[in-house]
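Trainee:
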């Protein structure tokens, strides 16, 4: 099966998958998540492809979001909880829109698709590029941490976790040495960071074709940001009225820096 | 055959081009990224649109944003944050222009001389170099920064720490000061009203968008825009040299072209640069020959180009010795207004000679959220992470997520943010090399950037911890009710010294004039030429002064010219002759 096919399957864009192969030589373990040990994954057992298959029995989920959107919205809810269903599922909500309403998933998908052109973590058998690779890696780490498969309305298992459970999965991602040594180690270290950037950014209400904001970004309200401006009446003057400083006195300069016969 | 080809139009390349175009040389400048000819229309100043490091208009990638960013192997959790295009990383810089610490130069005899990276000093004295600083400071120009609310808070906190005010351009002891910035001081209505317009307003309008690129005041000619990124200063000058210099000749600029090879001729001691091959955006290949080639493609791309060209590397130091100021962030939360999202990127700083510095920075909310969640110390209150760093006296350390992030960032204008800029040691193991893993791009093997931050020298780590503690103390003295330390992994905003010059031929690539030790007529004029991390001061001014010195060397050694720095009076980039030419030519 081609990477494209796997990608589309991962996104739920084609019919329910059977057991997918990432390569012609790949074989599959028994689909018993409880039997998957973390080191097994680390050593390259082809668990990831099988894990995708294990994720499919659940229905589309409470939302109509696809697999990738679920992964990234679950991340957004973790970083900035709100009043959305992902925040409710993690049992940590607020009374106002949060990272999900900010459209963070759109920004993350765009970013990772542009950033990662190769299989994201071959050691984990996650050979998908781009956003699909990140979503699948999150899937793998969720299932390794919680092999009993947390139940819930979402296809992506990370989206079914409680907030504190998500924290432990992300801690695994954050501290896994093999990921740090990968060619794109930065991509893992910045998952939470890019998510936060998206939560407080404008992408959810920004049309890149027209370059027009459709509304006020959620993050601007959360941070009480006054927005883009051509200027602000913020000038408070100069420290002690000082608008310039003198250069170094010549005598001090020579004494301190020339030494005696030590010119290069 | 050209006189000079300059590869790269970022912070350093346009300096060489401008200085040599002034003397009538035939200069061709090649830039891999786009030229932002009408940024006032094309730049939104929205954070994701501008600063998403992989998809934004200020990224390391081609001008066509439907295409992916340039591929770089970055093992570990370090992250390189540069910008390609005309102006390079100065497009998002803060314009901070401190001179390098005196202790990083040869011949320094101060009582604290042993506190610096003593094995990797500049191969000349500060006294010898100072005229080049003055030349660049007059050209940009560099001016003393005004204050907004956040700077008042910051400097009041510094004064409450008992630090003295630095009275000159070169701190000799721990002290505080307004920044010396390459930002035009506000005039007229700038800084006084919300929507100022040129010419009623001149200089900095306190918009808060240094990191998204400077296009203000509205209506100002390109060379009169407030921040002196090279697209607003040296590039207009290099393209109009015939208009402001007698005998000058405008440089030629080609953008969206990738140099794929530097050519040489001769061998042994007579080996010299002879030209370059480059590929344009349509995929066509071109060859240009020149009497002198100047590499200014940046700390990552310059050593990469050297290596993929197969140029000699006899001592193995090409790409090695990367320094980055090992930055960190300390943020104070206040009960009242700080104006943290408004004003210039940074207008105030502390200097600790021999250790580095701390500067205030302006962050809109998405970048502030980025800064709060980038950490090598795990997640605050959840797990400790890998760093082992302490809080340095802060109330919390690590990533802020969930309710803690929402609460801390509930009002971006009640924060005060301090960037720790460490005097870090040159270590050979930190380097740029070629990737064996990732696919090649059109130019060849892609670069691999390695920063082993958990293997930093004891001095580097001690300096960083000291500075973080000072930043925490400043926040408390300034009135913060809560202080947070991020403990960043390497967020490489400042990068230097991968093609370093030095006194020791066995540990340096360049001689004291920025010329290759093994390939004559091949110069380097970007941050990679710096011999060290400057003691902590921001690098652009020093790189531009070094590029000016390299240009003077090129003219005198290879074109029969005479030195001019310290003898002539520099033409400033805001000179009326430059402005007239910029307007007339639609630049």
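Chains as they are written, first to last, in our numbering: chain A, 103 to 366; chain B, 9 to 595.
Using N, Cα and C, we set each Cβ at its ideal position, and we do this for glycine too.
Remember, predicted model here, so these are calculated numbers, not experimental data.
Return no unless some Cβ of chain B is closer than 9 Å to the Cβ of residue 199 (chain A).
Mentor: In the first chain, residue 199 (chain A) corresponds to position 97, counting from 1. Not an interface residue.
Trainee: What do you get for residue 492 (chain B), buried or exposed, if any count of 16 or more other CB atoms within 10 angstroms of its CB means buried?
Mentor: Against the second chain, residue 492 (chain B) aligns to sequence position 484. It counts as buried.
Trainee: Give a yes or no on whether the minimum CB-CB distance between residue 187 (chain A) and chain B is below 9 Å.
Mentor: Your numbering for residue 187 (chain A) matches position 85 in the first chain. Answer no: the Cβ-Cβ gap between residue 187 (chain A) and chain B never drops below 9 Å.
Trainee: Going by alpha carbons, who is nearest to residue 187 (chain A) out of A:243, A:256, A:217?
Mentor: By one-based count along the first chain, residue 187 (chain A) stands at place 85. For the residues A:243, A:256, A:217, the minimum Cα distance to residue 187 (chain A) belongs to A:256.
Trainee: Compute the beta-carbon to beta-carbon distance between residue 405 (chain B) and residue 335 (chain B), rounded to the nearest angstrom, for a pair I have assumed lies under 8 Å.
Mentor: As a first step, residue 405 (chain B) is located in the second chain; it is residue number 397 there, counting from the start. As a first step, residue 335 (chain B) is located in the second chain; it is residue number 327 there, counting from the start. So it is not a contact: roughly 15 Å between Cβ atoms.
Trainee: Closer than 8 Å is the cut-off here; do at least three beta carbon pairs connect the region 156 to 168 of chain B with the region 345 to 353 of chain B?
Mentor: In short, these stretches touch, since the Cβ pair count reaches three.
Trainee: Which residue's Cα is closest to the Cα of residue 72 (chain B): B:543, B:265, B:338, B:320?
Mentor: For the purposes of this step, residue 72 (chain B) is identified with residue 64 of the second chain, where counting begins at 1. Among B:543, B:265, B:338, B:320, the Cα nearest to that of residue 72 (chain B) belongs to B:265.
Trainee: Threshold first: 4 residues or longer. Then list the alpha helix (DSSP H) segments lying entirely within the region 286 to 347 of chain B, N to C.
Mentor: Here the runs fully enclosed are 309 to 316.
Trainee: By the DSSP assignment, the alpha helix (DSSP H) with residue 61 (chain B) in it spans what residues?
Mentor: Residue mapping note: residue 61 (chain B) aligns to position 53 of the second chain, counting from 1. No alpha helix (DSSP H) contains residue 61 (chain B), which DSSP labels as neither H nor E.
Trainee: Can you name the residues of chain B whose CB is closer than 9 Å to the CB of residue 194 (chain A)?
Mentor: Position 92 of the first chain, counted from the start, is the residue given in the question as residue 194 (chain A). Those within 9 Å of residue 194 (chain A) in chain B are 410, 411.
Trainee: Nearest to residue 497 (chain B) by alpha carbon, out of B:483, B:525, B:463, B:524?
Mentor: Counted from its first residue, the second chain places residue 497 (chain B) at position 489. Looking at the Cα atoms, B:463 is the closest of the given residues.
Trainee: Against residue 180 (chain A), what residues of chain B qualify as contacts under a CB-to-CB distance less than 8 Å, listed in chain order?
Mentor: For the purposes of this step, residue 180 (chain A) is taken as residue 78 along the first chain, with counting starting at 1. Under the 8 Å cutoff, chain B gives 409, 410.
Trainee: Where DSSP assigns a beta bridge to residue 339 (chain A), which residues make up the other side?
Mentor: Here residue 339 (chain A) corresponds to residue number 237 of the first chain, with the count starting at 1. Per DSSP, B:155.
Trainee: Does the beta carbon of residue 505 (chain B) sit closer than 9 Å to a beta carbon anywhere in chain A?
Mentor: The count along the second chain starts at 1 and reaches residue 505 (chain B) at position 497. So no, residue 505 (chain B) is outside the interface.
Trainee: Pull up the CB-CB distance for residue 531 (chain B) and residue 302 (chain B), whole angstroms please, since I reckon it's below 8 Å.
Mentor: Translated into positions along the second chain, residue 531 (chain B) becomes position 523. Translated into positions along the second chain, residue 302 (chain B) becomes position 294. Confirmed, Cβ separation roughly 5 Å.
Trainee: Tell me whether the beta-carbon of residue 364 (chain B) lies closer than 9 Å to the beta-carbon of residue 431 (chain B).
Mentor: Within the second chain, the letter at position 356 stands for residue 364 (chain B). Within the second chain, the letter at position 423 stands for residue 431 (chain B). Their beta carbons are under 9 Å apart, which means residue 364 (chain B) touches residue 431 (chain B) by this criterion.
Trainee: Name, please, each residue of chain A whose Cβ falls closer than 9 Å to the Cβ of residue 635 (chain B).
Mentor: Examination of residue 635 (chain B) is not possible in this model, given that chain B is present from 9 through 595 alone.
Trainee: Going straight from the alpha carbon of residue 467 (chain B) to that of residue 433 (chain B), what length do you get?
Mentor: The sequence position of residue 467 (chain B) within the second chain is 459, counting from 1. The sequence position of residue 433 (chain B) within the second chain is 425, counting from 1. Cα to Cα, residue 467 (chain B) sits roughly 7 Å from residue 433 (chain B).
Trainee: Can you tell me the Cα-Cα spacing of residue 165 (chain B) and residue 485 (chain B), whole angstroms?
Mentor: Locating residue 165 (chain B) in the second chain gives position 157, where the first residue counts as 1. Locating residue 485 (chain B) in the second chain gives position 477, where the first residue counts as 1. Roughly 5 Å between the two C-alpha positions.
Trainee: How far does the beta strand (DSSP E) with residue 360 (chain B) in it extend, from its first residue to its last?
Mentor: As a first step, residue 360 (chain B) must be located in the second chain, where it is residue number 352. Looking at the DSSP string, the run of the beta strand (DSSP E) that includes residue 360 (chain B) is 356 to 360.
Trainee: For the candidate residues B:230, B:337, B:172, whose alpha-carbon lies nearest to that of residue 206 (chain B)?
Mentor: If you number the second chain from 1, residue 206 (chain B) lands on position 198. Looking at the Cα atoms, B:230 is the closest of the given residues.
Trainee: Compare the beta carbon distance of residue 214 (chain B) and residue 336 (chain A) with 9 Å and say whether it is the shorter of the two.
Mentor: Counting from one through the second chain, the residue named residue 214 (chain B) turns up at place 206. Counting from one through the first chain, the residue named residue 336 (chain A) turns up at place 234. Yes. Within cutoff.
Trainee: Can you name, in chain order, every residue of its own chain whose Cβ lies under 8 Å from the Cβ of residue 320 (chain B), other than the five neighbours on each side?
Mentor: Within the second chain, numbered from 1, the residue matching residue 320 (chain B) stands at position 312. The residues are 279, 526, 527.
Trainee: Any beta carbon from chain B within less than 9 Å of residue 125 (chain A)'s own beta carbon?
Mentor: The count along the first chain starts at 1 and reaches residue 125 (chain A) at position 23. No answer about residue 125 (chain A) holds up, because its pLDDT of 27 lies below 50 and its placement is not dependable.
Trainee: Quick one: give me the first and last residue of the alpha helix (DSSP H) that residue 206 (chain A) is part of.
Mentor: As a first step, residue 206 (chain A) is located in the first chain; it is residue number 104 there, counting from the start. Taken as a continuous stretch (DSSP letters only), the alpha helix (DSSP H) holding residue 206 (chain A) covers 206 to 217.
Trainee: Among B:356, B:104, B:54, B:556, whose alpha-carbon lies nearest the alpha-carbon of residue 309 (chain A)?
Mentor: Taking the first chain and counting its residues from 1, the one referred to as residue 309 (chain A) is at position 207. Measuring from the Cα of residue 309 (chain A), the nearest candidate turns out to be B:54.
Trainee: Can you give me the C-alpha to C-alpha distance between residue 388 (chain B) and residue 408 (chain B), rounded to a whole angstrom?
Mentor: Taking the second chain and counting its residues from 1, one reaches residue 388 (chain B) at position 380. Taking the second chain and counting its residues from 1, one reaches residue 408 (chain B) at position 400. The alpha-carbon atoms of residue 388 (chain B) and residue 408 (chain B) are separated by roughly 6 Å.
Trainee: From residue 21 (chain B) to residue 595 (chain B), what distance separates their C-alpha atoms?
Mentor: As a first step, residue 21 (chain B) must be located in the second chain, where it is residue number 13. As a first step, residue 595 (chain B) must be located in the second chain, where it is residue number 587. Computed Cα separation, rounded: 18 Å.
Trainee: Between the region 537 to 550 of chain B and the region 560 to 567 of chain B, are three or more C-beta pairs nearer than 8 Å?
Mentor: Touching, no, given that fewer than three Cβ pairs across the two stretches are closer than 8 Å.
Trainee: Can you check DSSP and say which residues form a bridge with residue 186 (chain B)?
Mentor: The sequence position of residue 186 (chain B) within the second chain is 178, counting from 1. DSSP output for residue 186 (chain B) lists B:356 as bridge partner(s).
Trainee: Got a sec, what are the start and stop residues for the alpha helix (DSSP H) residue 266 (chain B) sits in?
Mentor: By 1-based counting over the second chain, the position of residue 266 (chain B) is 258. Counting along the chain, residue 266 (chain B) falls outside any alpha helix (DSSP H), though it belongs to the beta strand (DSSP E) covering 266 to 273.
Trainee: Name the chain B residues whose beta carbon is nearer than 7 Å to that of residue 276 (chain A)?
Mentor: Translated into positions along the first chain, residue 276 (chain A) becomes position 174. Under the 7 Å cutoff, chain B gives 386, 393.
Trainee: Work out the CA separation of residue 260 (chain A) and residue 304 (chain B) for me, nearest whole Å.
Mentor: Here the question's residue 304 (chain B) lines up with position 296 in the second chain. Here the question's residue 260 (chain A) lines up with position 158 in the first chain. Looking at the two C-alpha atoms, the distance is approximately 45 Å.
Trainee: Just list the residues that DSSP pairs residue 404 (chain B) with in beta bridges.
Mentor: Here residue 404 (chain B) refers to the residue found at position 396 of the second chain. The partner list for residue 404 (chain B) (beta bridge, DSSP) reads B:492.
Trainee: Taking a Cβ distance cut-off of 9 Å, strictly less, list which residues of the region 315 to 349 of chain B are near chain A, in chain order.
Mentor: Flagged, chain order: 347, 349.
Trainee: Under three-state DSSP, which class holds residue 447 (chain B)?
Mentor: As a working mapping, residue 447 (chain B) is identified with position 439 in the second chain. The answer is coil: DSSP assigns residue 447 (chain B) none of H, G, I, E or B.
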